[in-house]
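Notes follow once the structure below has been shown.
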Amino acid sequence: MPLIAPSLLSADFLNLQADCTMLNESEADWYHLDVMDGRFVPNISFGPMLIECFRKATSKTCDVHLMIEEPEKYTEQFKKAGADILSVHIEACRHLHRNIQQIKSLGMKAGVAVTPHTPVTALSDILGDIDLVCLMSVNPGFGGQKFIPYTLQKIKQLRQMIDERGLNVLIEIDGGVTLENAPSILAAGADVLVAGNTVFRAPDPKAMIRELKQL
Ligand code: DX5
Ligand code: ZN
């Protein structure tokens, strides 16, 4: 069974309490929380203040995806806000190994996110040190974009790299996941499905989460 991580970027920000209650009652495994700084990506979303609110609203795992430059400056703040998993972009880190150690030393699980253009082979040295790879299947910055098909090849390649070394690293697919493409994403070897629009624009979000979970 895949882990399902709805992205709150697509939630109703005037009714976050209702969306949190819906998620808490659902079979969703994680809250996927997208932090954007307007520098690494051409959009600004939210930061530690709102994550602290989500933390109070749920006992589910808070999976924080940082799409920001110089993430090392904010790692402690996100820990304090209640992040369980913190992912930084390989493209935003000059000293990725140091950033990962910093995240782990604060007691969080560490993830590395990669944009569609970054080859998964760039992860080979860091793979033994991390808990999760957030493989982006759209260019980061916005919800509701279309899944980039060659991601499937990247999932297979990454799966092989992880399995060959017997590592315990989760593959999370982020961007454009739908009920239609999720089966091939899982068949390629993914463990975690992020879904924003697919969940929050569904007529019955809870039923959609259940359907994704049962794939
Ligand atoms: C995009 C974010 C994604 C996004 C997913 O930059 O990282 O998590 O919110 O939304 P959908 O599922 O709508 O593509
Ligand atoms: Zn994300």
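Going by our numbering, the first residue of the sequence shown is number 1, and it counts up by one from there.
Where a beta carbon is used, it is the ideal one built from N, C-alpha and C, also for glycine.
As the structure is a prediction and not an experimental result, all values here were calculated from the model.
Exercise for the section: Starting from the C-beta of T58, find all residues in its chain whose C-beta is less than 8 Å away, skip the five residues before and the five after it, and write them out in chain order. Expected result: Listed in chain order, the non-local C-beta contacts of T58 below 8 Å within the same chain comprise C20, L23, N24, Y31, local neighbours out to five positions each way being set aside.
Exercise for the section: Assign I103 to one of three DSSP states: helix, strand, or coil. Expected result: If DSSP states are grouped into helix, strand and coil, I103 belongs with the helices.
Practice task
Out of A187, A207, V199, point me to the one whose CA is closest to M1's CA.
Solution key: Nearest C-alpha to M1: A187.
Practice task
Could you check which residue in R55, H65, A18 has the C-alpha nearest to that of D37?
Solution key: Checked all of R55, H65, A18; the closest Cα to D37 is H65.
Problem - Local Cβ density within 10 Å of M49, reported as buried at 16 or more and exposed below that - result: Burial state of M49 is exposed, judged by a 10 Å Cβ sphere holding fewer than 16 other Cβ atoms.
Practice task
Note down, one range per segment and in chain order, each alpha helix (DSSP H) of at least 4 residues found wholly within the region 89 to 147.
Solution key: Contiguous alpha helix (DSSP H) elements confined to the region 89 to 147 occur at 96 to 105, taking only those with 4 or more residues.
Problem - I171, enclosing beta strand (DSSP E) - first and last residue - result: For I171, the uninterrupted beta strand (DSSP E) run begins and ends at 170 to 174, by DSSP.
Handout entry: Buried or exposed by the 16-neighbour rule on C-beta atoms within 10 Å, applied to E164
Key = E164 is exposed by the Cβ-count criterion.
Practice task
Take V120 and list the residues in its own chain whose beta-carbon comes closer than 8 Å to its own, dropping the five residues that flank it on each side.
Solution key: Closer than 8 Å at Cβ, skipping near neighbours: V114, V133, L135, K154, Q157, L158, M161.
Exercise for the section: Verify the contact flag: H89, CB atom, against every heavy atom of the ligand ZN, threshold strictly below 7 Å. Expected result: For the ligand ZN, not one heavy atom lies less than 7 Å from the Cβ of H89.
Handout entry: Residue span of the alpha helix (DSSP H) that contains P183, given as start and end
Key = It spans 182 to 187 - the alpha helix (DSSP H) in which P183 sits, taken as one unbroken run.
Practice task
May I have the straight-line CA-CA distance separating I148 from C62, to the nearest angstrom?
Solution key: Rounded to whole angstroms, I148 to C62 spans 26 Å at the Cα level.
Problem - C-beta atoms of M108 and A83 nearer than 8 Å - result: Yes, Cβ-Cβ distance for M108 and A83 is below 8 Å.
Handout entry: Residue burial classification, K60 (beta-carbon count within 10 angstroms, cutoff 16)
Key = Burial check for K60: the Cβ neighbour count within 10 Å reaches 16 or more, so the residue is buried.
Practice task
Have a look at F200, L215, M208, D29 and flag the residue whose alpha-carbon is nearest the alpha-carbon of H183.
Solution key: Note that residue 183 is Pro in the sequence shown here, rather than His. Comparing Cα positions, the closest option is L215.
Exercise for the section: Indicate whether at least one CB of chain C lies closer than 8 Å to the CB of S26. Expected result: The chain inventory of the structure shown lacks chain C, comprising one protein chain alone.
Exercise for the section: Tell me whether R98 is buried or exposed, calling it buried when 16 or more other Cβ atoms sit within 10 Å of its Cβ. Expected result: Exposed, because fewer than 16 other Cβ atoms sit within 10 Å of the Cβ of R98.
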